[in-house]
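K.L.:
Have a look at the structure that comes next, please.
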Amino acid sequence: MTPAASGVKREASGVARYCNVAIPHTRLPELTYEFEPEGFPELAPGACVQVRLRGKKAKGLVLEVLARSPVPKTLPVEKLVEPKLVSGELLRLLRWVGAYYFGRMGEVLGLALPRGICGYGLRRTKPAKAPGSELTPASSVPRPVVSDLHSSSFIFHPSFSVTVHTAPGSRDDIVAGFVAAALERGSVIVLLPEFEAGRMADALRSRLGIEPVLYHGDRKASERKSIWRKLRSSEYRLVLGVRSAVFAPVPDLAGLVVLDEHDKVFKEERHPRFNARDVAIARARLADCPVLLCDPTPSAETWLNLRTGQYQMAQSPNLKSQGESTKSEGESAKSEVESAKSQGESDKFQGERTKSKEESPESQVESPKSDFAISPFHSVISAALPDTLVVDMRKHRGELLAPVLVNELKEAGAAGESSVLYINRRGLSRYVACGDCGSPLSCPDCAVSLVLFSGGDLCCRYCGKASAAPETCPACGGPDFRLKAPGIEMAAREVTRLLPDAKVVTVLNESVPRSSFFVPRSSAEPGTVIVGTRALFGVPWPERVRVVAALSVDDDLCLPDFRARERTFQVLSELSRRAAAQGATLVLQTRRPDDPAVQYAAAGDVARFLDQELKLREELEFPPYRRLVLIELSARRGPGVAKHGEMLCRRLGRVQGVEAMGPVPVRGRADTVQVLVKVARNLRLDRIVTLRQLESDGVRARVDVDPLETV
Numbered sequence: 112m113t114p115a116a117s118g119v120k121r122e123a124s125g126v127a128r129y130c131n132v133a134i135p136h137t138r139l140p141e142l143t144y145e146f147e148p149e150g151f152p153e154l155a156p157g158a159c160v161q162v163r164l165r166g167k168k169a170k171g172l173v174l175e176v177l178a179r180s181p182v183p184k185t186l187p188v189e190k191l192v193e194p195k196l197v198s199g200e201l202l203r204l205l206r207w208v209g210a211y212y213f214g215r216m217g218e219v220l221g222l223a224l225p226r227g228i229c230g231y232g233l234r235r236t237k238p239a240k241a242p243g244s245e246l247t248p249a250s251s252v253p254r255p256v257v258s259d260l261h262s263s264s265f266i267f268h269p270s271f272s273v274t275v276h277t278a279p280g281s282r283d284d285i286v287a288g289f290v291a292a293a294l295e296r297g298s299v300i301v302l303l304p305e306f307e308a309g310r311m312a313d314a315l316r317s318r319l320g321i322e323p324v325l326y327h328g329d330r331k332a333s334e335r336k337s338i339w340r341k342l343r344s345s346e347y348r349l350v351l352g353v354r355s356a357v358f359a360p361v362p363d364l365a366g367l368v369v370l371d372e373h374d375k376v377f378k379e380e381r382h383p384r385f386n387a388r389d390v391a392i393a394r395a396r397l398a399d400c401p402v403l404l405c406d407p408t409p410s411a412e413t414w415l416n417l418r419t420g421q422y423q424m425a426q427s428p429n430l431k432s433q434g435e436s437t438k439s440e441g442e443s444a445k446s447e448v449e450s451a452k453s454q455g456e457s458d459k460f461q462g463e464r465t466k467s468k469e470e471s472p473e474s475q476v477e478s479p480k481s482d483f484a485i486s487p488f489h490s491v492i493s494a495a496l497p498d499t500l501v502v503d504m505r506k507h508r509g510e511l512l513a514p515v516l517v518n519e520l521k522e523a524g525a526a527g528e529s530s531v532l533y534i535n536r537r538g539l540s541r542y543v544a545c546g547d548c549g550s551p552l553s554c555p556d557c558a559v560s561l562v563l564f565s566g567g568d569l570c571c572r573y574c575g576k577a578s579a580a581p582e583t584c585p586a587c588g589g590p591d592f593r594l595k596a597p598g599i600e601m602a603a604r605e606v607t608r609l610l611p612d613a614k615v616v617t618v619l620n621e622s623v624p625r626s627s628f629f630v631p632r633s634s635a636e637p638g639t640v641i642v643g644t645r646a647l648f649g650v651p652w653p654e655r656v657r658v659v660a661a662l663s664v665d666d667d668l669c670l671p672d673f674r675a676r677e678r679t680f681q682v683l684s685e686l687s688r689r690a691a692a693q694g695a696t697l698v699l700q701t702r703r704p705d706d707p708a709v710q711y712a713a714a715g716d717v718a719r720f721l722d723q724e725l726k727l728r729e730e731l732e733f734p735p736y737r738r739l740v741l742i743e744l745s746a747r748r749g750p751g752v753a754k755h756g757e758m759l760c761r762r763l764g765r766v767q768g769v770e771a772m773g774p775v776p777v778r779g780r781a782d783t784v785q786v787l788v789k790v791a792r793n794l795r796l797d798r799i800v801t802l803r804q805l806e807s808d809g810v811r812a813r814v815d816v817d818p819l820e821t822v
């Protein structure tokens, strides 16, 4: 038996070399194997090899080739299965994802490679063709003429850049123009929410004459493997998907598009929990190609990059800006929030319909003076606003549906038209709010809503501070505290009680198949009232909708999350756009009608809301001005993991630019705590602490970098 076969490391003789190999779909670290260059002349990073793992044959991907082994004993590489399986560019991206998101490379490859790819070669097989669904390879279709597909104001930059488009009305034309220009140079990846895939595929098909290929996790394993092979060989050059499509093995990437970039659908639920939008930008930087972000309500992170010049705004004929009203940065202006504090202004606003920007009282109020330079996109206003009613529910205590909304629903039913009611709670909403002013009790340090635990104590989910509820409201001095608990079932029952003749249909996330979002056919009957959570945004609405309503805006607004106001604004803006498209009346029920999220959403003013939100984030040192990392520590013994969390907080707290909050017990899990880490923007936590260090002493760590959900 040779020394290599016995697992004993050879002496450095210049003959044997070593390679680090990752085994896909495992949590194992990189493993080092030995090989002879003469026997494996094509073995290089990105190759698929066969090795021995625990006495059995296994397939893995070569990550790097080494002159010396970092471990004393190694086993030999048994077989080179596929040279150059993964390109150098894609491999660098995968290694970046593993490092930045604290992921083992086996886990990263498990998300990026379809099962069966590594080790099975790249056989050219003909996929089964369903009748009428034959895919047309992009290489067999004449390349489109770019000038025929986009407006003259659209400029395609072939090198790396990030362009943001915010006008929903011209999105399809802008995307088609970008894709057409990129296809002249190579392949294109389009990331989008799943429910948008069919519509966008139709739009690109009609404009470009090319059949986009859909690549996502819901496809069968055999289909994913077949598509993966064809993408790698450039047989398909236009790919649509949600998250895993960002790792599509196209060899000549020329552009990426991300639709609705703020959507949390791009955040991977499995480990490592990458954000496909951010990975797309990282991949574009590696490939030196442009990125187009299309979102009528961009995230705060994207808005800050726009404001600081890191990203650029796409110019479109349909982009409406209010540049004339903000010609000089030195013009003094009162905040809309300040102007709405007086009861007179608040009463003027409540229940008032706003047909257009010019008629809207809140749109006439200037935003606070900003530190940002005025630019052409200073105040992006929605092109069309619906007839809007903002109802102050402090005047309708104990009622889930205000009388004005009930009347609107009755009129819609009498006219044979449908209504859509949004409420984002399926069960109990455990925050405590003042019944007089609507303000939730919040943490004085973190400025997020406190959570009510079963014992009656209030606790901050960020820093862990617990306290008893005060006797009076810190904001207005009122003694009337109440636990908010409206849910979708309660809303449906209330609609049935008030409108006994109406047909009520509920839409929950669980009732919507992932592969084909739909509303039951009966829900499209005239006069139907559809009540649903955010799943409403992933289903087709009836053709005739007269009323669109948010039943409890506060359920989104008062969540214990620093992004609560931003998410509320995005939801209300989406409801506004859909109501405008249907010609419907928008009704917003809230106990906080003077909140910026409500006022700016009603006015359709994206820029002023985001400018103000950035000011608050900067004061509180939250993203995008800091990086957040959520670390969940678990062990079999609860006290042991709590001590480990305390040690971790002390260690990280000694690093300049790092603040660790916690450990905070995870409700319902006695053996689990979480630590929330704030990191300066110029630092990366993976360069301060390793996953192995986090998991010392038998503790298991789940790390979420840049989390979208922090509770």
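Here our numbering is used: the first residue of the sequence shown is 112, the next is one more, and so on. Built from N, CA and C at the ideal position, the CB exists for glycine as well.
(1) Taking Cβ to Cβ, would you say LEU739 is nearer than 8 Å to TRP414?
(2) Taking 8 Å as the threshold, find out whether the stretch 326 to 343 comes into contact with the stretch 395 to 410 through three or more Cβ pairs.
(3) As a quick exercise: from TYR211, CYS229, LEU204, pick the residue whose alpha carbon is nearest that of ASP135.
(4) How far does the beta strand (DSSP E) with ILE534 in it reach, from first residue to last?
(5) Have a look at PRO279 and GLN785 and give me their C-alpha separation to the nearest angstrom.
(6) In terms of residue numbering, what span does the beta strand (DSSP E) encompassing ILE300 cover?
(7) Spell out a yes or no on whether the stretch 302 to 319 and the stretch 181 to 201 are touching, meaning 3 or more CB-CB pairs, one atom from each, closer than 8 Å.
(8) Could you check if ILE321 is buried or exposed, using at least 16 other CB atoms within 10 Å of its CB as the buried criterion?
(9) At what residues does the alpha helix (DSSP H) containing GLY773 begin and finish?
(10) Check each candidate in GLU189, GLY209, SER410 and name the one with the smallest Cα separation from PHE720.
(11) For the stretch 379 to 388 against the stretch 349 to 367, are there 3 or more C-beta pairs whose distance is under 8 Å?
(12) For ILE266, name the three-state secondary structure that DSSP assigns.
(13) According to DSSP, what are the bridge partners of ALA791?
(14) Indicate the three-state DSSP secondary structure (helix, strand or coil) for GLU145 in the structure shown.
(15) Could you tell me the distance, in whole angstroms, from the CA atom of ALA646 to the CA atom of LEU532?
(16) Are the beta-carbon atoms of SER529 and PRO637 separated by less than 8 Å?
(17) Quick check on PRO225: buried or exposed, where buried means 16 or more other Cβ atoms within 10 Å of its Cβ?
(18) For the alpha helix (DSSP H) containing VAL390, name the first residue and the last one.
(19) Let me check understanding here. Comparing Cα to Cα, which of ASP722, GLU730, VAL717, ASP665 lies closest to PRO704?
(20) Is MET758 buried or exposed, if buried means 16 or more other CB atoms sit within 10 Å of its CB?
(21) Count the other CB atoms, across all protein chains shown, that sit within 10 Å of the CB of PRO774; report buried if there are 16 or more and exposed otherwise.
(22) Below 8 Å on the Cβ atoms is my contact criterion, and I expect ARG215 with LEU139 to pass it. Report the Cβ-Cβ distance as a whole number of Å.
(23) Give the C-beta separation of ALA223 and PHE358 to the nearest angstrom, bearing in mind that I take them to be a contact with Cβ-Cβ under 8 Å.
(24) Are three or more beta carbon pairs between the stretch 761 to 776 and the stretch 789 to 804 nearer than 8 Å?
(25) So, is GLN804 buried or exposed, given that buried needs 16 or more other C-beta atoms within 10 angstroms?
(26) How many whole angstroms separate the CB atoms of VAL275 and ALA425, which I take to be in contact at a CB cut-off of 8 Å?
(27) Keeping to the same chain, check which residues put their C-beta closer than 7 Å to that of ALA393; ignore five residues upstream and five downstream.
(28) Report the rounded CA-to-CA distance for ILE338 versus VAL324, giving the unit in angstroms.
(29) Can you look up THR419 in the DSSP assignment and give me helix, strand or coil?
(30) If I follow the unbroken alpha helix (DSSP H) through ILE285, where does it start and stop?
(31) GLU193 by DSSP, collapsed to three states: which one?
(32) Quick check on this structure: which residue in SER345, ARG396, GLU346, GLU379 has the alpha carbon closest to the alpha carbon of LEU367?
(33) Compute the Euclidean distance between the alpha carbons of CYS159 and LEU191, then round it to the nearest angstrom.
(34) Please state whether DSSP places SER344 in a helix, a strand or coil.
(35) For the alpha helix (DSSP H) that THR679 lies in, which residues bound it at each end?
(36) I'd like the list of long-range same chain contacts for ARG381, defined as Cβ closer than 7 Å, with 5 residues on each side in sequence excluded.
P.N.:
Quick look at the numbers:
(1) As a first step, residue 739 is located in the sequence shown; it is residue number 628 there, counting from the start. As a first step, residue 414 is located in the sequence shown; it is residue number 303 there, counting from the start. LEU739 is not a Cβ neighbour of TRP414, given a cutoff of 8 Å.
(2) Not touching, per the Cβ criterion.
(3) On the sequence shown, residue 135 is found 24 positions in, with the first residue counted as 1. The sequence given here has Pro at residue 135, not Asp. Cα-wise, what sits closest to PRO135 is CYS229.
(4) On the sequence shown, residue 534 is found 423 positions in, with the first residue counted as 1. Note, ILE534: premise wrong, no beta strand (DSSP E); not H, not E.
(5) Here residue 279 is taken as the residue at index 168 of the sequence shown, counted from 1. Here residue 785 is taken as the residue at index 674 of the sequence shown, counted from 1. Rounded to whole angstroms, PRO279 to GLN785 spans 39 Å at the Cα level.
(6) On the sequence shown, residue 300 is found 189 positions in, with the first residue counted as 1. 298 to 302 is the span of the beta strand (DSSP E), which, as asked, contains ILE300.
(7) The stretch 302 to 319, when compared against the stretch 181 to 201, does not touch it at the 8 Å Cβ threshold.
(8) Against the sequence shown, residue 321 aligns to sequence position 210. Answer is buried; the Cβ neighbour count reaches 16.
(9) If you number the sequence shown from 1, residue 773 lands on position 662. Where GLY773 is concerned, there is no enclosing alpha helix (DSSP H), although the beta strand (DSSP E) around it starts and stops at 769 to 777.
(10) What you label residue 720 is simply residue 609 of the sequence shown in a count that begins at 1. Selected option, being the one with the closest Cα: SER410.
(11) Contact between the stretch 379 to 388 and the stretch 349 to 367 is present: 3 or more CB-CB pairs across the two stretches fall below 8 Å.
(12) Working through the sequence shown from its first residue, we reach residue 266 at position 155. In the structure shown, ILE266 sits in coil (DSSP, three-state: anything other than H, G, I, E or B).
(13) Your numbering for residue 791 matches position 680 in the sequence shown. Partner residues in the beta bridge of ALA791, as assigned by DSSP, are ARG737.
(14) To locate residue 145, count along the sequence shown from 1; it is residue 34. Three-state result, GLU145: strand.
(15) For the purposes of this step, residue 646 is taken as residue 535 along the sequence shown, with counting starting at 1. For the purposes of this step, residue 532 is taken as residue 421 along the sequence shown, with counting starting at 1. Cα to Cα, ALA646 sits roughly 12 Å from LEU532.
(16) Within the sequence shown, numbered from 1, the residue matching residue 529 stands at position 418. Within the sequence shown, numbered from 1, the residue matching residue 637 stands at position 526. Contact: yes.
(17) As a working mapping, residue 225 is identified with position 114 in the sequence shown. Under this definition PRO225 is a buried residue.
(18) The count along the sequence shown starts at 1 and reaches residue 390 at position 279. Its alpha helix (DSSP H) spans residues 387 to 398.
(19) On the sequence shown, residue 704 is found 593 positions in, with the first residue counted as 1. Minimum Cα distance to PRO704 is reached at ASP665.
(20) Here residue 758 refers to the residue found at position 647 of the sequence shown. By the neighbour-count rule (16 or more Cβ atoms within 10 Å), MET758 is not buried but exposed.
(21) As a first step, residue 774 is located in the sequence shown; it is residue number 663 there, counting from the start. Flag for PRO774 reads buried.
(22) Position 104 of the sequence shown holds residue 215. Position 28 of the sequence shown holds residue 139. Between LEU139 and ARG215 the Cβ distance is about 7 Å, and since that is below 8 Å, they are a contact.
(23) Here the question's residue 223 lines up with position 112 in the sequence shown. Here the question's residue 358 lines up with position 247 in the sequence shown. Indeed they touch by this definition, with Cβ atoms about 4 Å apart.
(24) Touching, yes, given that three or more Cβ pairs across the two stretches are closer than 8 Å.
(25) Position 693 of the sequence shown, counting from 1, holds the residue named residue 804. By the neighbour-count criterion, in which a residue is buried when 16 or more other Cβ atoms sit within 10 angstroms of its Cβ, GLN804 is exposed.
(26) The residue labelled residue 275 in the question sits at position 164 within the sequence shown. The residue labelled residue 425 in the question sits at position 314 within the sequence shown. At roughly 6 Å, the Cβ-Cβ gap stays under 8 Å, so VAL275 and ALA425 are in contact.
(27) Against the sequence shown, residue 393 aligns to sequence position 282. Taken in chain order, the residues that qualify are LEU204, TRP207.
(28) For the purposes of this step, residue 338 is identified with residue 227 of the sequence shown, where counting begins at 1. For the purposes of this step, residue 324 is identified with residue 213 of the sequence shown, where counting begins at 1. Rounded to the nearest whole angstrom, the C-alpha separation of ILE338 and VAL324 is 8 Å.
(29) The residue given as residue 419 occupies position 308 in the sequence shown. In the three-state reduction of the DSSP assignment, THR419 falls in the coil class, being assigned neither a helical nor a strand state.
(30) Here residue 285 refers to the residue found at position 174 when the sequence shown is read from its first residue. That run of the alpha helix (DSSP H) goes 282 to 294.
(31) For the purposes of this step, residue 193 is taken as residue 82 along the sequence shown, with counting starting at 1. Note: GLU193 maps to strand in three-state DSSP.
(32) Numbered from its first residue, the sequence shown carries residue 367 at position 256. With respect to the C-alpha of LEU367, the residue from SER345, ARG396, GLU346, GLU379 having the closest C-alpha is ARG396.
(33) In the sequence shown, residue 159 corresponds to position 48, counting from 1. In the sequence shown, residue 191 corresponds to position 80, counting from 1. In a straight line, the C-alpha of CYS159 is about 6 Å away from that of LEU191.
(34) Stepping through the sequence shown from its first residue, residue 344 is reached at position 233. Three-state result, SER344: coil.
(35) Within the sequence shown, residue 679 is the residue found at index 568, counting from 1. Looking at the DSSP string, the run of the alpha helix (DSSP H) that includes THR679 is 675 to 693.
(36) Walking along the sequence shown from the start, residue 381 turns up at place 270. Taking C-beta separations shorter than 7 Å and ignoring five residues to either side along the sequence, the partners of ARG381 in its chain run LEU222, following chain order.
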